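Student: For the sequence shown, our numbering assigns the number 1428 to the initial residue and increments by one for each residue that follows. Provided herewith is a single structure, encoded as structure tokens, for subsequent inquiry.
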Amino acid sequence: MQKKETAIEVKVGALVLFSTALLVGFVFLLGDIRLGDRHEIMVQFETSGGLKTGAEVSISGIQVGNVSRLEFIRNEDPSLGLPAVAVQATLRIDERYADSVREDSQFYVTTRGVLGEPYVEITTPTFDYPPLQSGAVVRGVDPPRMEILLGQAEELLDTLTEILRDDVDDVRDLLVHATSFFKHVGGAVGDNRDTVDATLVNLESTSREASQFLGALNAALGEDGQRLNRIATDAEATARGARRLTTRLDGQIDPVMTDVSEAASSARELADTTRQLLVDNEGRIVAILENVETSSENLRVVSEDAAGLMASVQEGEGTLGALLVEREVYEDLKDILRTIKQQPWRILWKE
């Protein structure tokens, strides 16, 4: 009897353990509870847009985490674009998906379908920015405020209703004129259908020919297009060099022009001084020129006399001419000079 009771207790205990394990499994499965590492990111919104704790967090439509907490925050910095009281959602993302969330990622509150539950969708445009670190606080894209949109739509409808009610005659006239206008336009198009069709055909033909011309031009340029591109690049580089040279010369031309101006001023002063000296000493200069002319005439006469004298000497005229022409006199003078040099006493007495 005791063994039978023990077997029943074992079966009941096993059933309880199995039920407990099954309950825990359902809790983990339905609550998306995972034991791995989580990556937490705080996203701030102007309003929650119906977002609730436990909502999905998806990247490209695939769930990568959930919203672990929603809380109010107090904003004291107007530059953030948030009201004084805003909402901060803490997103818990699986560590294996954390690399897909970058600093330029956008966080949206949206729904799957019209009646779906709100969730957070993350979009990453590029991988040019580094991954968003755990604990980072970012600004999310605010969800549309349906109540505000509905209120604005209601105001718009009320305004249109008042306009139609108060200006019904003007609206009727406007519709009549619009109907008449479109009727005339339709009639003009119908009466000139052939012309309109021909115009459209010509336009299509012109467009086709323009396309062919551009294709032929691209094919004709080919290598020349690259050459033109190089020419344009060289011209641009030359223009840059010219601008640099002009800038450099601007700083050097000014001192040179200053020196030239000073030199010209000095030359003018020298010319004025010279002119004044000539005017003040005109009589003296004339006298000096006359003296020079007289001296030149005297020098000419002296030269002619010297030339005549030398001619007379060469012909043996006069004492000097005789001395120079007669060889014996020259030899006697040499003997006398030699004797005086060797025996100077012979000048006083003879032996």
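From the three backbone atoms N, C-alpha and C, an ideal C-beta is built for every residue, glycine too. Only a predicted model underlies this, so the values are computations on that prediction, with no experimental measurement involved.
Taking the beta strand (DSSP E) that Asp1521 falls in, what are its first and last residues?
Tutor: Annotation: the continuous beta strand (DSSP E) that includes Asp1521 extends over 1512-1521.
Student: Distance, Cα to Cα, Arg1592 vs Gly1617?
Tutor: 37 Å
Student: Excluding five sequence neighbours on each side, which residues of the same chain lie with their C-beta closer than 7 Å to the C-beta of Pro1558?
Tutor: Ala1525, Asp1526, Val1528, Arg1529
Student: Given a cut-off of 7 Å on the beta-carbon distance, is the pair Gln1471 and Ala1513 in contact?
Tutor: yes
Student: For the candidate residues Tyr1556, Ile1489, Ser1561, whose alpha-carbon lies nearest to that of Glu1394?
Tutor: Any property of residue 1394 remains undetermined from this structure, which presents the chain solely from 1428 to 1778.
Student: Around the C-beta of Tyr1556, are 16 or more other C-beta atoms found within 10 angstroms, so that it is buried, or is it exposed?
Tutor: exposed
Student: Counting along the chain, where does the beta strand (DSSP E) carrying Thr1538 start and finish?
Tutor: 1533-1538
Student: Drop a sphere of 10 angstroms on the beta-carbon of Val1728, count the other beta-carbons inside from all chains shown, and report buried for 16 or more, exposed for fewer.
Tutor: exposed
Student: Considering only their Cβ atoms, is the gap separating Val1536 from Ser1478 smaller than 7 Å?
Tutor: Note that residue 1478 is Leu in the sequence shown here, rather than Ser. Result yes, Cβ atoms of Leu1478 and Val1536 sit closer than 7 Å.
Student: Go through its chain and collect everything with a Cβ distance to Thr1553's Cβ below 8 Å, but skip five positions before and after it.
Tutor: Arg1529, Asp1531
Student: Mind listing, in chain order, the continuous beta strand (DSSP E) runs of no fewer than 3 residues lying wholly within the segment 1527-1613?
Tutor: 1533-1538, 1545-1550, 1564-1566
Student: Rounded to a whole number of angstroms, what is the C-alpha to C-alpha distance between Glu1709 and Asp1732?
Tutor: 35 Å
Student: Run through DSSP, which three-state label would Gly1440 get?
Tutor: helix
Student: Ignore the nearest five residues each way along the sequence and tell me which others in Gln1515's own chain have a CB closer than 6 Å to its CB.
Tutor: The answer, listed in chain order, is Met1469, Gln1471, Glu1498, Ile1500.
Student: Is the distance from the Cβ of Thr1474 to the Cβ of Ser1495 below 7 Å?
Tutor: No, the pair does not count as a contact, with Cβ atoms beyond the cut-off.
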